[in-house]
Amino acid sequence: MSPNLHKTSKSRRTGPAAFVADQERPLRGLFVHRMGENAADEQRVAEFWIAHGLNAMALEDPRQRYSRLPDLQLLRDGAPWAYCEVKTLWQHSWTVRILHEDRPIEERREMSTKPADERIGGDLVTAMRQLQAGNPGHVLHNFVVLVNREPMMTPAFLTELLTRPVAVSGRSLAARRAAQFAREFQAFRRDVDLCLLAKPRTGGKLVIESCILFNPGLRSFAEEISGLRGDKLVSVEPAA
2 MSPNLHKTSK SRRTGPAAFV ADQERPLRGL FVHRMGENAA DEQRVAEFWI
52 AHGLNAMALE DPRQRYSRLP DLQLLRDGAP WAYCEVKTLW QHSWTVRILH
102 EDRPIEERRE MSTKPADERI GGDLVTAMRQ LQAGNPGHVL HNFVVLVNRE
152 PMMTPAFLTE LLTRPVAVSG RSLAARRAAQ FAREFQAFRR DVDLCLLAKP
202 RTGGKLVIES CILFNPGLRS FAEEISGLRG DKLVSVEPAA
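What follows is the structure, given as structure tokens:
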């Protein structure tokens with residue numbers, strides 16, 4: 002049976018990880034862009050975890066435009082065990098919709114011109130922030146699953162991005178932004194235990210292309226769920 006990720010208001014969780022959408026509505030503007038979110042891919046990832054013996058519970062309704070918490074809580078033997086954030090990697094785009102008083106609505110689609118490492122890096126940092134919000138103190142494991150629909154993304158590209166040494170100097174605005182980005186990448190390596198790069202196939206199944214492990218205690222689990230062994234399973238030292 003496929004998991005139902007479309008929660009109703011009666012089934013919302015309560016407690017520290019609870020989030021009631023109608024208590025704080027997003028501001029409306031010229032356009033709204035939800036980075037790296039795709040409800041169908043979240044469903045696929047939930048089914049992936051269930052196929053590997055874990056229960057997957059949605060923390061928020063995937064149809065919501067804004068998300069502060071990770072997508073899934075994973076239960077092992079009935080007990081909370083990990084949180085999982087799902088990001089769909091693709092060329093970022095959005096719809097611009099402008100209302101005019103004296104002529105019809107103007108609508109167009111725009112594509113991001115940011116380089117791939119900046120776009121994908123932004124998705125990784127967003128995932129890390131959501132995991133920190135849902136799992137303060139890193140009490141449970143933190144997993145990130147990247148569903149790869151991005152032409153530029155390869156396993157080698159992801160490994161290089163997550164292990165790239167960053168030396169930032171200078172006081173310009175660009176330098177300060179780069180330094181902040183470097184600190185957040187360090188936080189990703191410290192607070193994420195496992196990162197999977199998955200390719201969707203016909204029929205909705207996911208094929209694991211790459212597994213980057215930041216927690217060596219999960220190596221046997223990572224090998225089991227990914228089917229990768231040896232050098233294909235990349236182990237990275239977590240940041241201090």
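In this text, residue positions in the sequence shown follow our numbering: the first is 2, and each later residue adds one.
Even glycine gets a Cβ: it sits at the ideal position worked out from N, Cα and C.
- Between arginine 69 and glutamine 131 the beta-carbon gap is near 7 Å, inside 8 Å, which marks them as a contact.
- Per DSSP, leucine 197 is one residue of the beta strand (DSSP E) stretching across 195-201.
- Bounds of any alpha helix (DSSP H) do not take in leucine 55, whose DSSP letter is neither H nor E.
- According to the DSSP secondary-structure assignment, asparagine 143 is paired through a beta bridge with Tyr84.
- For threonine 96, the three-state secondary structure derived from DSSP is strand.
- Membership of valine 126 in any beta strand (DSSP E) is not indicated; the residue belongs instead to the alpha helix (DSSP H) covering 117-135.
- Glutamine 44 counts as buried, since at least 16 other C-beta atoms from the protein chains shown sit within 10 angstroms of its C-beta.
- In the three-state reduction of the DSSP assignment, valine 237 falls in the coil class, being assigned neither a helical nor a strand state.
- 9 Å or more divides the Cβ of isoleucine 121 from the Cβ of threonine 160.
- Spanning the alpha carbons of aspartate 42 and glutamate 225 requires a straight line of approximately 21 Å.
- Note on geometry: alpha-carbon atoms of glutamate 119 and leucine 60 lie some 28 Å from one another.
- The Cβ atoms of proline 239 and asparagine 216 sit closer than 9 Å to each other.
- For glutamate 185, the enclosing alpha helix (DSSP H) stretches over residues 174-192.
- Taking a 10 Å sphere around the C-beta of isoleucine 209, we find 16 or more other C-beta atoms and assign the residue as buried.
- In this structure, DSSP gives arginine 165 a state outside helix and strand, which the three-state scheme calls coil.
- Per DSSP, glutamate 210 has no beta bridge partner at all.
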